[in-house]
Structures are given as structure tokens and as C-alpha cells.
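Numbering (the UniProt record's numbering), first residue to last: 1 to 528. Built from N, CA and C at the ideal position, the CB exists for glycine as well.
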């Protein structure tokens with residue numbers, strides 16, 4: 001761990017917030033530790049004012065972004081108001097993408113990388129994503145997901161994890177961090193102390209991790225230890241109740257977890273950011289301002305506020321709550337100063353790594369992943385390495401490449417709230433591009449009717465059934481089973497964590513992404 005990652009940071013020094021509780025500096029420190037999202041494709045007026053008053057961060061979502069040029073200009077506009085602003089984004093690759101949400105990611109996602117298990121490739125993929133973020137001027141990527149996906153029923157992690165083996169997840173977590181930070185963009189390991197062994201989505205309610213301390217140390221903590229040892233610049237804590245570590249408070253509000261375990265035992269000295277403070281897991285426990293105060297007191301340095309009021313009222317209310325807590329003696333001013341200084345240290349690290357970003361943005365590989373012009377080869381290579389094809393019944397399986405355009409039935413998944421709305425699975429689109437005349441039909445939990453799959457006419461086409469985590473969603477499993485009974489020659493494509501193979505041919509992509517869909521389409525239409 002480098003010297004500038006030490007666990008204690010002085011609140012003094014040039015350019016740092018400071019001052020007594022009666023000073024304007026106190027309000028500036030409170031602003032420094034906030035990282036809000038906002039609406040619109042340009043900075044709203046309230047955000048511009050807040051940045052001028054020392055707001056330390058801003059988080060970008062798909063709703064803010066329309067393309068590379070606009071993203072870069074948006075980030076530049078934020079920096080014009082505050083050159084030290086930490087601009088963050090969730091760009092994991094695969095299902096969780098902000099910069100490529102409209103068309104799908106150019107990168108296959110963590111589970112695909114874990115299945116292929118080539119740490120060098122994982123590092124190169126992370127560098128490719130880092131190149132894309134560096135070109136946009138983004139400071140911090142809320143990635144990699146370092147959770148060990150211990151429960152296949154997990155509704156929110158799944159394909160976002162490198163896998164279920166702690167050693168594998170540790171290896172790829174470290175590789176991802178090296179690739180991202182080598183591109184001059186800070187990485188953020190999440191969701192400490194581990195969201196993999198849960199059956200509840202923390203966007204909706206508070207998950208509980210029912211594991212002993214020994215199991216946590218054996219299974220969930222090694223990837224975070226590896227992240228710290230690799231020099232990760234940030235860690236995101238999860239909204240998780242972990243009774244073996246703290247029976248009373250979720251990790252976000254737990255000093256034994258954030259300070260005792262992460263800081264003191266694991267030795268992490270970088271920025272500790274909360275998951276979005278308005279998520280259902282913690283929103284019902286306390287008002288937002290009190291949550292922010294309690295998280296800071298527990299050891300957090302930055303409060304992620306995913307959703308902001310139209311005029312930023314909730315962000316300013318959090319600032320005021322933090323200031324009031326310091327003045328009442330409920331939050332030590334030294335703790336707030338330490339948190340604010342860590343945020344500014346991250347901004348200084350970003351500035352110091354300008355040369356790394358300039359180098360990576362000049363490299364040959366096109367981070368845009370333009371699949372139609374032969375670029376994006378690395379993303380395609382990574383997706384191909386993760387593809388697993390099982391021929392279950394060679395007598396019924398259609399010959400590949402397909403001789404005629406198929407019918408693609410998309411059993412549309414209920415994706416979790418970490419995924420931008422409308423993110424496509426992409427199989428139908430990819431098939432249509434390579435084989436014009438492909439027909440499509442979408443099935444949902446609310447509209448579960450299958451098209452006619454019998455003999456003759458449209459129904460005589462080859463059948464491709466696309467599902468995501470079918471084993472985890474009873475409605476999807478039932479529809480898939482019914483379709484396979486009607487058409488035992490079906491090709492089944494599973495884009496999530498695969499369960500028992502189904503259909504005459506079963507194809508597992510191990511992720512939702514544009515490149516994964518493209519690889520499936522190439523396999524079906526060209527035999528590649």
C-alpha cells in the first residue's frame with residue numbers, strides 16, 4: 001500500500017476544507033463528502049451552485065448520458081464549477097452499464113470473465129473500460145463487484161460477480177483494479193463486507209448475511225483483502241446486516257465493520273463510499289440526513305445520493321444535518337475533516353494520473369466497442385471465451401449454422417434496480433442483424449402467452465428461447481419448460497447464472513451484454 005493510502009489524513013493543508021464548527025469551512029467539509037446524482041443531460045443550476053460551494057462529488061447515470069461527446073462535455077461542465085469534483089459512475093460491464101445502456105455493453109461482465117478465468121484478460125478488459133471512462137474525464141468507477149456469489153438465488157449480484165469461489169473472485173478483483181487504475185481511473189471494490197450470500201435485493205429491503213465469522217473470513221472477505229493489497233482507491237460498503245460482525249446495525253452504519261474491520265484490520269486507507277443512501281435497505285431506518293451522519297461517524301468518507309430533489313433540496317438538507325450534528329457534538333469535526341480530506345486525496349490522485357489517461361486514450365483498441373467495423377475485438381474475445389454450448393440431444397438439435405431465420409422468444413427478465421431500465425438482452429437484435437427475417441416474440445410475467453410453436457408456417461422456424469436466471473424465477477422456469485415440451489428441438493440461450501441445461505441445445509453466455517448477444521448470433525448463423 002502506497003504512502004498516500006495511509007489510514008490517517010490530516011485535515012489541514014493547502015486546498016483542504018477545515019475550520020471550527022462556526023466557520024463556513026464546516027459547511028464546505030459537509031458538502032465535500034456528498035456524491036449526488038441529478039436529472040438531465042446538463043448540470044442543473046442547483047448542482048452548479050453546490051459545486052461552487054465545495055460539493056465533492058457527482059454520480060452519473062444512464063439518464064444523464066447520450067453519447068461519448070456529450071458525456072465528456074457534461075463532465076467538463078462539472079469540473080468548470082469545481083476542478084476537484086469526484087465524478088463517479090457505475091460501469092461494471094455486462095448488465096450494469098451507464099455509458100452504453102442504450103445499446104448494451106461492449107464488455108461481457110464479471111461472471112463471463114470468471115468463467116473464462118484468465119486474469120490477464122480481465123485486466124485488459126478493465127483497462128478497456130478504463131479507457132472509455134478516461135476519455136470522458138470520469139474520476140471513479142464504482143467497480144469491480146468483489147462479492148462472492150455464494151447463493152444462486154441472489155437477486156441482485158449473480159452475473160455481476162466473478163463467481164462463487166473466493167480465490168477466483170480475489171484473483172479477478174485484483175486484476176480488474178490493476179487494469180482500471182492503470183488507465184488513470186480510480187476503482188471501487190463493492191459491496192463490503194460481501195453481498196453474495198443474500199436472497200434480498202438491497203434496493204428494496206435490508207438483506208441479512210447469515211454466516212459465521214469464520215465463514216465470512218474464509219469466503220467473503222478475501223476479495224476485499226486482495227483489493228486493499230492491490231491498492232484500490234475506493235471501497236463501497238453494502239447495505240447489509242451481518243450479525244456475526246454487528247447484530248444491531250447494517251454495515252453502512254456500523255463502526256465495527258467500517259472502521260474496525262475495513263480500516264484497522266484490513267488496513268484500507270482510501271475513500272469509503274456508501275451505496276446509494278435512498279435504497280430501501282436503509283431508507284426506512286432513519287431520515288436521510290441522519291443516515292449520512294451515522295455513516296460518517298461509522299467511518300464512511302462519501303455519501304452516495306443516487307436520487308436528488310429537483311432543486312437539490314435533499315442534498316442541501318444532508319449538508320445541514322451534517323453541520324448540525326458536528327455542532328451538537330454527535331459527529332466529531334475531526335472525523336468529518338478526515339472524510340473530506342480523503343475525498344480530496346482521491347481528486348488529487350486523479351489529477352496526478354493525467355499521463356496514464358492520456359496514454360490509454362491513445363491506444364489502438366477502440367473502447368467504443370464498434371462491433372460493425374472490426375474494433376471492440378477484446379470484448380468479443382472475452383465474450384467468446386465465456387460461451388458454453390451443451391448439445392443435449394444431437395438427434396433433435398438443428399444443424400448449425402441455421403438454414404433459415406429463427407423465431408426468437410425472449411422470456412424477458414425482471415432485471416434488478418442496479419441495471420438501467422430498458423437494458424436489452426440483445427439476442428433478437430443481434431440475430432436480425434446477421435439473419436434478416438428473424439422473427440421475435442417477448443414473454444413477460446404480466447404477459448406470459450407463448451406464440452404458436454406447433455408445426456407449419458412461422459411455427460416451423462428454428463426456435464431460440466432466451467431466458468435470464470430462469471432457475472430463480474418460477475414464472476420464467478414454467479414458461480421455458482412449457483416451450484421445450486412443445487418444441488424439444490429448441491435452442492435455449494441462458495444469459496444469467498445457468499441452471500440445469502434445457503432444450504436440444506443449451507447455450508450459456510454468463511452475462512447480458514451486446515458482445516455476448518453478438519457471439520451467440522455468430523454461433524447460430526455462422527457456426528463461429
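- Residue 91 is classed as buried because its beta carbon has at least 16 other beta carbons within 10 Å across all chains shown.
- With a cutoff of 8 Å on beta-carbon distance, residue 378 and residue 519 are scored as not near each other.
- In this structure residue 342 does not touch residue 299 by the C-beta definition: roughly 11 Å separates them, more than the 8 Å allowed.
- Cβ-Cβ distances below 6 Å link residue 223 to 146, 169, 170 and 173 in the same chain, with the five nearest sequence neighbours on each side left out; the list follows chain order.
- Taking every protein chain shown into account, the CB of residue 113 has 16 or more other CB atoms within 10 angstroms, so this residue is buried.
- Within the DSSP secondary-structure output, residue 35 pairs in a beta bridge with 304.
- The three-state reading of DSSP puts residue 240 in coil, since its state is none of H, G, I, E or B.
- Rounded to whole angstroms, the gap between the alpha carbons of residue 120 and residue 53 is 43 Å.
- Around the C-beta of residue 42, fewer than 16 other C-beta atoms lie within 10 Å, and the residue is accordingly described as exposed.
- As the crow flies, the alpha-carbon of residue 514 is around 52 Å from that of residue 328.
- Here the C-alpha atom of residue 156 lies approximately 14 Å from the C-alpha atom of residue 208.
- By alpha-carbon distance to residue 467, the top candidate from 319, 204 and 410 is 410.
- In chain order, 388, 494 and 498 place their CB closer than 7 Å to the CB of residue 508, counting only its own chain and leaving out the 5 sequence neighbours on each side.
- In the three-state reduction of the DSSP assignment, residue 361 falls in the helix class.
- Within 10 angstroms of the beta-carbon of residue 108 lie 16 or more other beta-carbons, which makes it buried.
- Rounded to whole angstroms, the gap between the alpha carbons of residue 203 and residue 62 is 17 Å.
- Scanning its chain for C-beta atoms nearer than 7 Å, with the 5 sequence neighbours on each side dropped, one finds around residue 75 the residues 87, 136, 137 and 138, in chain order.
- In this structure, the CA atom of residue 293 is about 41 Å from the CA atom of residue 474.
- Out of 489, 308 and 122, the CA that lies nearest to the CA of residue 460 is found in 489.
- Residue environment: residue 363 is assigned as exposed (fewer than 16 neighbouring CB atoms within 10 Å of its CB, all protein chains considered).
- Secondary structure at residue 234: strand, using DSSP grouped into helix, strand and coil.
- Taking one beta carbon from each stretch, the region 181 to 193 and the region 227 to 238 have 3 or more pairs nearer than 8 Å; the two touch.
- Taking all protein chains shown into account, residue 334 has fewer than 16 neighbouring C-beta atoms within 10 Å of its C-beta and is therefore exposed.
- Rounded to the nearest angstrom, the gap between the Cα atoms of residue 418 and residue 142 is 12 Å.
- From the listed residues 273, 150, 390 and 220, the smallest Cα separation to residue 36 is found for 273.
- Linking residue 32 to residue 244 through their CA atoms gives a straight-line distance of about 33 Å.
- In this structure, DSSP gives residue 429 a helical state, which the three-state scheme calls helix.
- In this chain, the beta strand (DSSP E) harbouring residue 274 covers 271 to 274.
- Cβ-Cβ distances below 6 Å link residue 420 to 62 and 101 in the same chain, with the five nearest sequence neighbours on each side left out; the list follows chain order.
- Residue 97 carries a coil assignment under DSSP once its states are collapsed to helix, strand and coil.
- Between residue 249 and the set 217, 267 and 297, the nearest pair of CA atoms involves 297.
- Under a 10 Å Cβ-count criterion, residue 261 is classified as buried, with 16 or more other Cβ atoms of the shown protein chains found around its own Cβ.
- A Cβ-Cβ distance of about 18 Å is found for the pair residue 166 and residue 251, leaving them out of contact under the 8 Å criterion.
- Nearest in C-alpha terms to residue 496, of all of 278, 484, 65 and 477, is 477.
- Boundaries around residue 320 are those of the alpha helix (DSSP H), 313 to 328, since no beta strand (DSSP E) includes it.
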